[in-house]
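Note sheet for the following structure.
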Amino acid sequence: MTWRLYRVMWLLLLFIPGKTWADVEAHAHAYGLVIGASRGGEGQALLRYAAADAAHVAEVLTQLGRTPREHVTQLVDPSPAAVLSALSRISAQLAGHARAGQTSQLFFYYSGHARANALSLGGAELSLEALRNALLALPSTLTVVVLDACQSGAFSGVKGASPAADFSSSSFAQLSQAGVAVMASSTAEELSQESQDIGGSYFTHHLLTGLRGAADRDADGSVSLDEAYAYAYERTLSDTLRTRLGSQHATLETTLKGHGKVPLTYIRDADAKLRFSTNLVGRVVVQRQGRGAVVAELNKAEGSVLVLALPHGPYEVLLRPFPTLSPRVCAVSLEQASVQDIDPRACPIVLSSEALAAKGFGEVHEDWFIELEAQRRFVSADAYTRTLSEFRFVDRGAFTLAGDRGNFSPAISVGKGLSPHISVLIRLQRLAHRKFERRVAQARDHDDLTVFSWDSWGVMPAVRAGYPQWQGRFVPFAEVGAGLGVAWSNYRTGIDIETSENHVGFMARAALGANLDVAWGIGVQLNVGYDYAAPLQNEVGERRNDGGPNVGMAVRYRLLKGQQ
Amino acid sequence: MSSRARLLHILGALAIASCATGGDTGVDNWSFDSWCTGVPCGWTKDAGSVLPVPTWHKKDLGVSFVDQGTQLSQAIAPSIHRCLLFDVIAEVDPAAQLTLQLDFNDDGVVDVDYQIVAAHWRSVAPLFSVPLDYLGVRVRVVKKGAGKAVLAQLRVVPTDECQSEPSLLKQGSTCLFGAACESGVCAEARCSPHPPAIVGK
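This is the structure:
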């Protein structure tokens, strides 16, 4: 995952006294200026998703924001002069509406770099003061300003690594007016993050999903400013809790005059809709068919109907309904002016990460897993045991963990899938428990029994390469690992001499096996392998290999990791 | 010792031998695990110096013959079996010339001299037949040369599973019958190279 640092995402609402929101909603002539600037200044890394974020915002404006397409201006990597020029042209149009007594609104969106008091546009800067003055001078009734900006670009792509309050607080201060609402993607102390998995910033991604209907809590067919903020806040915080840079709390400050809600999008205007029933609970990802863009990604709660507004066309809907977590994919063709209900029971289960990847859902594969295994080891003699035999020790055999005679040993593995084909794991296994005895005549009237025993274990990291078959239900694999073998030996004579020692040695393993999914993430595994584990060494320099050939059968449980 | 006394000694030993069982009458402390004031318990240090040293395990001790000429010995009671199997585990440099000597009847005369050739703690198992006049044996281990010589185990197992003829006693060994002697002559209870002189009147 790459990320960049966002200092602030701004949502400014400039309200001109004398007008109510209701008036604006009914009569607004809407315009949009959407800017994506990938190139910042010196020392600022090239942004990966700024232009894409801007394009997605333009799409939502035209589809659901009642903004005519010809009224939306998109700029990619513009100069400061180009930005001001675009504002000037829009200002002329807004002035025309004002002269005609008509209400109007502008949605201004910027995604790119920024420093403390300016936007970074290539090698030039547009000061916040200049931007503010230009925005305040607009003769619009309502102006919505969203700034998704980075303060600096670090080597890793993290921007503004020091969470200074410079940009956000200075911008707020500079743009603060009566009736100003500011929505920031993070607090002044936090960093804002971008995700490679979702192809954009967390906050923008969830804001747009919310604007498409996921945030319409009162189901009135529109998404208001408060609803969009609450949804984006919750989802952003949830996703960033586990990231390296830590949690991200969006902020909203408003001083709005008027009554009622401030609608941002109108779901009822949608070209087509997807509808998810009250009973569906789980994760939902909606993507254009094939390897198209993700248009919505959310967690569907139980007890409410969810409607997503989308343009008509073919989509694929990936569902991970709780509690099974088995992914299902529905191919949906949204007709114009239609509402399509999604029934997870009618969607086929897809377990193959390759199949899911081919459908454009990225690397869906095994995530964390745990395996409990019983191994049968085939014990053989070696120089170590032959020396024991030379010294007249009699082999009393192998013992299980329960203390019974037998060659079965347990093993436990915990691992994580890195890709559909590669997993890494940590394996702990019991190798052997052996006992040898010797009777020694210390005097003609009594014998002493000398007992030598040891208990050996192995622990090691391993890599497993699999080749999923049958939609991922059956996965043959090869596994190699290397780690440590540990043994505890005990030498006890009849004259109460008892010596315990710890031994450590090298261990390696190679195995072939296969996993078979049964249901609910539970499956079985069969494997054959060879271990080399020789922690035990005698005074002669001979090592005991407690590994050797083995077969194992395991019960396993796994989670699936999908496209985030 | 006078010949009369020697004869009584032999008869007494025979009496003991006649009561001997057919069981294992091997050496005590054959694994050298027990030590008594610097000497393996049950053994006699006849010369030189010995030390306990680890063998395959630090607590499974063997006896190291330190000096050239070091000797350890132990007397073993007689048995009714015809042969003695020696089960020896040692780590010996060839130059050390660690030798197993058998003094049948413990009369001070070495009747068998066998060099132990063993390395890497692998056992050797020489088999020796006892003489006709078998009254016991003193087992002696001698380091004749210089170099490493460590004895981990020395067991003696009486057995009848041997094909060889009875050993013949060397000159000077205690005897009852001439057939037991290498010379074929047992004079005054000793193996002698020639019969005793007959003194006429």
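The listed protein sequences derive, respectively, from chains A and B. With positions in the first sequence counted from 1, the corresponding number in this note's numbering is that position plus 1012. With positions in the second sequence counted from 1, the corresponding number in this note's numbering is that position plus 32. All C-beta atoms in this analysis are idealised placements derived from N, C-alpha and C, irrespective of residue type, glycine included. Values in this document were obtained by computation on a predicted structure and should not be read as measured data.
I'd like to confirm the pairing. Which residues does DSSP put opposite residue i in its beta bridges?
i, result
"A:Val1487", "A:Asn1527"
"B:Gln195", "Looking at the DSSP assignment, B:Gln195 forms no beta bridge with any residue, so it has no partner."
"A:Gln1352", "A:Leu1286"
"A:Glu1551", "A:Glu1551 is not bridged to any residue."
"B:Gly80", "Answer is none; B:Gly80 lacks a bridge partner."
"A:Asn1311", "A:Arg1295"
"B:Cys68", "B:Val71"
"A:Lys1273", "Answer is none; A:Lys1273 lacks a bridge partner."
"A:Gly1495", "A:Met1519"
"A:Ile1382", "A:Val1426 and A:Tyr1569"
"B:Trp62", "Partner(s): none; B:Trp62 has no beta bridge."
"A:Asp1467", "A:His1445 and A:Trp1500"
"A:Thr1511", "A:Tyr1503"
"B:Val85", "B:Gly94"
"B:Pro175", "In the sequence as presented, Pro is not what sits at residue 175 of chain B; that position holds Lys. Looking at the DSSP assignment, B:Lys175 forms a beta bridge with B:Leu130."
"A:Glu1328", "A:Gln1299 and A:Ala1343"
"A:Ile1047", "A:Leu1087 and A:Tyr1122"
"A:Gly1564", "A:Gln1387 and A:Asn1539"
To which residues of the same chain is residue i closer than 6 Å at the C-beta, ignoring the five residues directly before and after it?
i, result
"B:Gly55", "Because B:Gly55 sits at a pLDDT of 42, beneath the cut-off of 50, its placement in the model cannot be relied upon, and the following sentence gives the value as read from the coordinates. Here the set comprises nothing."
"A:Phe1120", "Leu1045 and Val1157"
"A:Val1317", "Thr1290"
"A:Ala1395", "Glu1554"
"A:Gly1564", "Glu1385, Gln1387 and Asn1539"
"A:Asp1467", "His1445 and Trp1500"
"A:Val1426", "Ile1382 and Ile1438"
"B:Asn61", "Pro72, Cys73 and Gly74"
"A:Asp1529", "Arg1485 and Gly1535"
Near residue i, what residues of its chain come up, given a Cβ to Cβ distance below 7 Å and the 5 sequence neighbours on each side ignored?
i, result
"A:Ser1392", "Gly1560"
"B:Ser29", "Nothing can be reported for residue 29 of chain B: it is not among the residues displayed for chain B, which extend from 33 to 233."
"A:Ala1038", "Note that A:Ala1038 scores a pLDDT of 41, beneath 50, so its modelled location is shaky and nothing firm can be said."
"A:Leu1276", "Gly1077, Leu1223, Val1235, Ser1236, Leu1237 and Ala1240"
Closest to residue i by CA distance: which of the options is it?
i, options, result
"A:Glu1449", "A:Pro1323, A:Ala1423, A:Leu1437 and A:Phe1403", "A:Phe1403"
"B:Phe160", "B:Gln129, B:Leu167 and B:Glu197", "B:Glu197"
"B:Leu117", "B:Val162, B:Ala184 and B:Trp67", "B:Val162"
"A:Leu1159", "A:Ser1100, A:Ala1093, A:Gly1077 and A:Asp1065", "A:Asp1065"
"A:Ile1424", "A:Leu1461, A:Leu1413, A:Gly1134 and A:Gln1441", "A:Gln1441"
"A:Asn1550", "B:Val182, B:His152, B:Leu104 and B:Pro158", "B:His152"
"B:Asp138", "B:Leu201, B:Pro86, B:Ala79 and B:Thr102", "B:Leu201"
"A:Gly1294", "A:Asn1311, A:Gln1301 and A:Asp1281", "A:Asn1311"
"B:Asp135", "B:Arg170, B:Gly101, B:Asp119 and B:Ser111", "B:Arg170"
"A:Ala1523", "A:Asn1419, A:Phe1489 and A:Ala1112", "A:Phe1489"
"A:Leu1331", "A:Ser1345, A:Leu1320, A:Ala1546 and A:Asp1355", "A:Asp1355"
"A:Glu1513", "A:Arg1521, A:Leu1496, A:Phe1464 and A:Phe1486", "A:Phe1464"
"B:Asp78", "B:Gln147, B:Val85 and B:Val173", "B:Val173"
"A:Asp1379", "A:Asp1281, A:Tyr1061 and A:Leu1572", "A:Leu1572"
"B:Val142", "B:Val182, B:Ala150, B:Ile148 and B:Leu132", "B:Leu132"
"A:Val1487", "A:Gly1506, A:Asn1419 and A:Ala1526", "A:Ala1526"
Spatial neighbours of residue i within its chain, please: C-beta separation below 8 Å, excluding the five flanking residues on both sides.
i, result
"B:Arg308", "With chain B running from 33 to 233 in the structure shown, residue 308 of chain B is simply not present."
"B:Asp65", "Asp92 and Leu93"
"A:Cys1359", "Val1329, Leu1331, Arg1340, Val1341 and Cys1342"
"A:Ser1259", "Glu1202, Leu1249, Thr1252 and Leu1253"
Is there at least one non-hydrogen atom of the ligand FAD closer than 7 Å to the beta-carbon of residue i?
i, result
"B:Trp67", "This structure lacks the ligand FAD, and indeed carries no ligand of any kind."
Next item on the list: Decide if the segment 1348-1360 of chain A is in contact with the segment 1283-1303 of chain A; the criterion is three or more beta carbon pairs, one per stretch, under 8 Å apart.
Entry: Touching, yes, given that three or more Cβ pairs across the two stretches are closer than 8 Å.
Next item on the list: Using a Cβ-Cβ cut-off of less than 8 Å, list which residues of the segment 1392-1426 of chain A approach chain B; keep chain order.
Entry: Flagged, chain order: Thr1399, Leu1400, Glu1402, Phe1403 and Arg1404.
Item checked: Interface residues of the segment 1547-1561 of chain A facing chain B [CB-CB below 7 Å] -> Among the residues of the segment 1547-1561 of chain A, those with a Cβ less than 7 Å away from any Cβ of chain B are Asn1550, Glu1551 and Val1552, in the order of the chain.
Note to self: Assess contact between the segment 1476-1491 of chain A and the segment 1432-1441 of chain A, defined as three or more Cβ pairs (one per stretch) separated by less than 8 Å. Is contact present?
What the structure shows: Enough Cβ pairs lie closer than 8 Å, so yes.
Note to self: Within 8 Å, do at least three Cβ pairs link the segment 212-221 of chain B to the segment 89-96 of chain B?
What the structure shows: Flag = no, the segment 89-96 of chain B and the segment 212-221 of chain B do not touch.
Note to self: I'd like to know if the segment 1211-1231 of chain A and the segment 1239-1253 of chain A are in contact, where contact means that at least 3 CB-CB pairs between them fall below 8 Å.
What the structure shows: Yes, since at least three Cβ pairs between the segment 1211-1231 of chain A and the segment 1239-1253 of chain A fall closer than 8 Å, the two stretches touch.
Item checked: Interface positions of the segment 136-155 of chain B facing chain A (Cβ-Cβ less than 8 Å), listed along the chain -> The segment 136-155 of chain B vs chain A, Cβ under 8 Å: His152, Trp153, Arg154 and Ser155.
Next item on the list: Decide yes or no for the touch test of the segment 67-75 of chain B against the segment 1514-1533 of chain A: beta carbon pairs closer than 8 Å, at least 3 of them.
Entry: They do not touch, by the three-pair rule.
Margin query: Residues of the segment 87-110 of chain B in Cβ contact with chain A at a cutoff of 7 Å, in chain order, please.
Written below: Only those residues of the segment 87-110 of chain B whose C-beta falls short of 7 Å from the nearest C-beta of chain A are listed: Thr87, Trp88, His89, Lys90, Lys91 and Asp92.
Notebook entry, point to check: Taking contact to mean at least 3 C-beta pairs separated by less than 8 Å, is the segment 208-215 of chain B in contact with the segment 176-191 of chain B?
Noted result: Too few Cβ pairs lie closer than 8 Å, so no.
Next item on the list: Quick one: which residues of the segment 111-123 of chain B get their C-beta closer than 7 Å to a C-beta of chain A? List them in chain order.
Entry: When C-beta distances to chain A are compared with 7 Å, the residues of the segment 111-123 of chain B below that value are Ile121, in chain order.
Next item on the list: Answer yes if the segment 187-194 of chain B comes into contact with the segment 128-146 of chain B, meaning at least three C-beta pairs across the two stretches below 8 Å, and no otherwise.
Entry: Flag = no, the segment 128-146 of chain B and the segment 187-194 of chain B do not touch.
Next item on the list: Name, going along the chain, the residues of the segment 63-86 of chain B whose beta-carbon falls closer than 8 Å to a beta-carbon of chain A.
Entry: Under the 8 Å Cβ criterion, the segment 63-86 of chain B contributes Ser63, Asp65, Ser66, Cys73, Gly74 and Pro86.
Check: Along the segment 178-204 of chain B, what residues have a CB closer than 9 Å to any CB found in chain A?
Finding: Residues passing the 9 Å Cβ filter: Ala184, Gln185 and Arg187.
Check: When Cβ atoms are compared, which residues of the segment 1505-1518 of chain A fall closer than 8 Å to chain B?
Finding: Close to chain B, meaning a Cβ-Cβ distance shorter than 8 Å, are the following residues of the segment 1505-1518 of chain A: Thr1505, Ile1507, Ile1509 and Thr1511.
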